[in-house]
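Step one of this worksheet: look at the structure below.
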Amino acid sequence: MLNYIWAGLIIISVVFALYKDGEDLYDNSYRNGETLSVQIQGIPPGYADLQDPGPISVSVKISPADYISFFDPAKDMDRVTRGIKSANVWDEAKEFFAKPLPAKLVTTSRGRELQLAVPETLPTPFNVIYESTKDDNDLLPAYLNEWTPDPDTPNLATASIKFADVSFVSVKKVSSIMFVKANAAVMFGIGLMGVIALWMGLMKIAEDAGLIAIFVKLVRPILGPLFPQIPKDHPALGLIAVNLAANMLALGNAATPLGIKAMESLQELNKEKDTATNSMVMLLAMNTASIQLLPPVTLIAVLGLAAADLFLPIFLVTLVSLGVAITAAKLLGRMKMFKKTDPMRPNNPNAEKGGAA
Amino acid sequence: MMEEIRIYQSYFSAVAIPLIVIAIPLYGMFKKVSVYESFVEGAKEGFKVGVMIIPYLVAIFVAINMFRACGAMDQMEQWLKTPLAFIGFPPEVLPMAIIRPLTGGGSAGIVADLAQEHGTNSLITQMAGTMFGSTETTFYILAVYFGAVNIKKTRHALPAGLIADVIAIFLSVYIVRMLLG
Numbered sequence: 101m102l103n104y105i106w107a108g109l110i111i112i113s114v115v116f117a118l119y120k121d122g123e124d125l126y127d128n129s130y131r132n133g134e135t136l137s138v139q140i141q142g143i144p145p146g147y148a149d150l151q152d153p154g155p156i157s158v159s160v161k162i163s164p165a166d167y168i169s170f171f172d173p174a175k176d177m178d179r180v181t182r183g184i185k186s187a188n189v190w191d192e193a194k195e196f197f198a199k200p201l202p203a204k205l206v207t208t209s210r211g212r213e214l215q216l217a218v219p220e221t222l223p224t225p226f227n228v229i230y231e232s233t234k235d236d237n238d239l240l241p242a243y244l245n246e247w248t249p250d251p252d253t254p255n256l257a258t259a260s261i262k263f264a265d266v267s268f269v270s271v272k273k274v275s276s277i278m279f280v281k282a283n284a285a286v287m288f289g290i291g292l293m294g295v296i297a298l299w300m301g302l303m304k305i306a307e308d309a310g311l312i313a314i315f316v317k318l319v320r321p322i323l324g325p326l327f328p329q330i331p332k333d334h335p336a337l338g339l340i341a342v343n344l345a346a347n348m349l350a351l352g353n354a355a356t357p358l359g360i361k362a363m364e365s366l367q368e369l370n371k372e373k374d375t376a377t378n379s380m381v382m383l384l385a386m387n388t389a390s391i392q393l394l395p396p397v398t399l400i401a402v403l404g405l406a407a408a409d410l411f412l413p414i415f416l417v418t419l420v421s422l423g424v425a426i427t428a429a430k431l432l433g434r435m436k437m438f439k440k441t442d443p444m445r446p447n448n449p450n451a452e453k454g455g456a457a
Numbered sequence: 072m073m074e075e076i077r078i079y080q081s082y083f084s085a086v087a088i089p090l091i092v093i094a095i096p097l098y099g100m101f102k103k104v105s106v107y108e109s110f111v112e113g114a115k116e117g118f119k120v121g122v123m124i125i126p127y128l129v130a131i132f133v134a135i136n137m138f139r140a141c142g143a144m145d146q147m148e149q150w151l152k153t154p155l156a157f158i159g160f161p162p163e164v165l166p167m168a169i170i171r172p173l174t175g176g177g178s179a180g181i182v183a184d185l186a187q188e189h190g191t192n193s194l195i196t197q198m199a200g201t202m203f204g205s206t207e208t209t210f211y212i213l214a215v216y217f218g219a220v221n222i223k224k225t226r227h228a229l230p231a232g233l234i235a236d237v238i239a240i241f242l243s244v245y246i247v248r249m250l251l252g
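Read top to bottom, the protein sequences are chains A and B. Reading the first sequence from the start, the letters are residues 101 to 457 in the numbering used here. Reading the second sequence from the start, the letters are residues 72 to 252 in the numbering used here.
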C-alpha cells in the first residue's frame, strides 16, 4: 500500500509539473520574448551615445493597464493565477503598480539592462518571473529594448523592456525541493535524537523500577482486547498505555519517543522483523486518531484564546475517530490480503528463529 | 468558564512534564534502581533510533514535498471544490484537509493563515483548528514509528490511519457547525 502511495506521489509530482510547464510554454504564460512598455524617469540626455555610462539610478513606472494587457487576462490566465488567495489578482496588480519601482540602469554584455528592486510581495504572475530570474542581489533584470525620450519632460523616456525567459518553473521547483527536503529530513532526525534519548532514558528507569509492570496491570482490561497478540504481563501493553496517555494530554514532545519505545517492545514479539504486526498497526492507528483531552500546544500558540472554544469539538471528533481507527485496524486486519502477510500467522515460513513465541 | 479552562490548561502543560521527569527517578530510587545507569542505558537507544529513522524520514519528506511543490494540490482543490460545497464542506478548509495527513508544520501554517484572513473566532478557522487538533500527521507518524524498528512492510497501517483521518476531517466540519455555528 505504502509502496504505491509513495511511488505515486513522486511520479504524479514530476508528471504533473511537466504537464503544467508544457501548458505554460504552449500558452507562453510568462510572455517570453515579448516586450512591455514602461516609463523610465531619470535617463540623462544623450544616454544612448554614451559608451560606458556606469550604473544610473532611475525609477521605472509600469502602468497597471499595460501590465494587465501584457499578461492578457482575457486569455485563460486562471491557471497561472490559481492558488492566489486574493479574489482578483488584477486588482492586486493595479495597487502594486501604482508606485514606480526603483531601478539601476546598467550596461552589460547583453546591452542596456534595468535592474529592478522589487518589494517582497509581488502580484502573480510577476512574482514567478521574479523568482525564476532574479540575480544574486535579488534584483530583477529586464533588458532595455528601446527608449524614446519624452520631448516635454526632461529625463523621462518611454521604453520597452523584456524580461528573461521563464520556463520549466514547476519542474525546477520539484527537483530543487527534493534535495532541500532530503537534507531537512536528516537534520530533523538528528534534532529528534535528544528528546528521544531523554524519554527513552526515563522509560528505562520506569521499566527497571517496575512502574511499567504496574501500568500493564492497570490497563490490561481496557487495552488487552485491542492487542490480543501481546502475551499477559508483557511490558509492551504498559508502554502503549503511556504513549496513548501522553498523546491524550497533548504532550507532543513526549508522545513520539514513548510511541517508539512501545514499538520496540512490540518488535520483540514480532516473528518477521520487517513486517508490521497487527498490534503495531493498531498502535499506529490509535496514535493517528488519538483522543485529545487537551488541544495541542501548537494550536494554542496559533489561535491563542480562541483555541479554548475548540476543546469540546476536538474531544468529540477524536472520540469518534479513535473508534473508527480501532475498527478499521481490526477489520482491515481480517481482510485476506492483510491476513496472509501477518507475521504472527501460524506456520509463517518467514518467521525468524529467536522471535518470541 | 472558558478562560478558567485555558488557565488550568496552561498550568497543566507547564507542570505535567517536569512532574513526570521528577517522579520517575524518584520512584526508581525508592525501588533501589541505579537510576543514573538505567537512564544512560536507555538514552543510548535514543541515538540508534534517531539514526534509524532518518532514511524513512528522507523517503517521506521528499515524496510529500515534491507533491506539494508540483501544484497538483491546487488542481485537486479546483476539482473537489464543487462536489464538497455540495455536501456542506467549505472550500476554504479544503487545503487543510488535503495537507493535514502529509505535514504538521504546513497544516499549522494553514490554520494561522485562515485565522489571519477570517479571524480567530470565525467558523472557518474553528473548523480548521479542530481538524488540526483532532488528526495527526499520519505519514510522519508512520515513518517515525515504523522507521524506529525498521518495519518496511506496513500492511494495513496506512489505510487504517487515513480512514480515521478522513472521518475526523468531515466530522470537524459538522461538529463545529453544530456546536459553534
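A virtual CB, placed ideally from N, CA and C, is assigned to each residue, including glycine.
For residue 203(A), the enclosing beta strand (DSSP E) begins and ends at 201 to 208. Contact between the region 197 to 206 of chain A and the region 156 to 166 of chain A is established, with three or more Cβ pairs separated by less than 8 Å. Residue 85(B) has a beta carbon lying at 8 Å or more from every beta carbon in chain A. Of all residues in the region 92 to 106 of chain B, those with a C-beta nearer than 7 Å to a C-beta of chain A are 92, 95, 96, 98, 99, 102, 104, 106, reading in chain order.
194(A) is the residue among 207(A), 246(A), 194(A), 256(A) whose C-alpha sits nearest the C-alpha of residue 226(A). Exposure of residue 434(A) is indicated by the presence of fewer than 16 other C-beta atoms within 10 angstroms of its C-beta.
Taking a C-beta distance under 8 Å as the contact criterion, residue 410(A) and residue 197(B) qualify as a contact pair. Taking a C-beta distance under 8 Å as the contact criterion, residue 87(B) and residue 349(A) qualify as a contact pair. In this structure, the straight-line span from the alpha carbon of residue 142(B) to that of residue 116(A) is close to 8 Å. Bounds of the beta strand (DSSP E) holding residue 216(A) are 211 to 216.
At a cut-off of 8 Å between beta-carbon atoms, residue 310(A) makes contact with chain B. The shortest C-alpha to C-alpha distance from residue 221(A) to any of 302(A), 192(A), 258(A), 214(A) is the one to 192(A). Remark: fewer than three beta-carbon pairs, one from each stretch, lie closer than 8 Å, so the region 324 to 334 of chain A and the region 134 to 149 of chain B are not flagged as touching.
Residue nearest to residue 422(A) within the set 237(B), 247(B), 248(B) is 237(B) (criterion: CA-CA distance). Residue 245(A) places its beta carbon 8 Å or farther from that of residue 295(A).
Within the region 170 to 203 of chain B, the complete alpha helix (DSSP H) runs of at least 4 residues fall at 175 to 189. Taking 7 Å as the upper bound on Cβ-Cβ separation, chain A lies near residues 209, 212, 213, 215, 216, 217, 219, 220, 221, 222, 223, 224, 225, 226 of the region 208 to 226 of chain B.
CA-to-CA, the gap between residue 280(A) and residue 109(A) works out to about 17 Å.
Distance between residue 75(B) and residue 242(B), taken at the CA atoms: about 27 Å. Of all residues in the region 191 to 202 of chain A, none is placed with a Cβ closer than 8 Å to any Cβ belonging to chain B. In its chain, beyond the 5 residues on either side, 357 have a beta carbon closer than 8 Å to the beta carbon of residue 298(A).
In the three-state reduction of the DSSP assignment, residue 132(A) falls in the coil class.
When rounded, the separation of the alpha-carbon atoms in residue 144(B) and residue 271(A) is 15 Å. Scanning chain B for C-beta atoms nearer than 7 Å to the C-beta of residue 381(A) yields 226, 227, 228, 231, reported in chain order. Any Cβ of chain A closer than 8 Å to the Cβ of residue 142(B) would place that residue at the interface, and such an atom is present. Closest option to residue 274(A), judged by alpha-carbon separation, among 202(B), 161(B), 138(B): 138(B).
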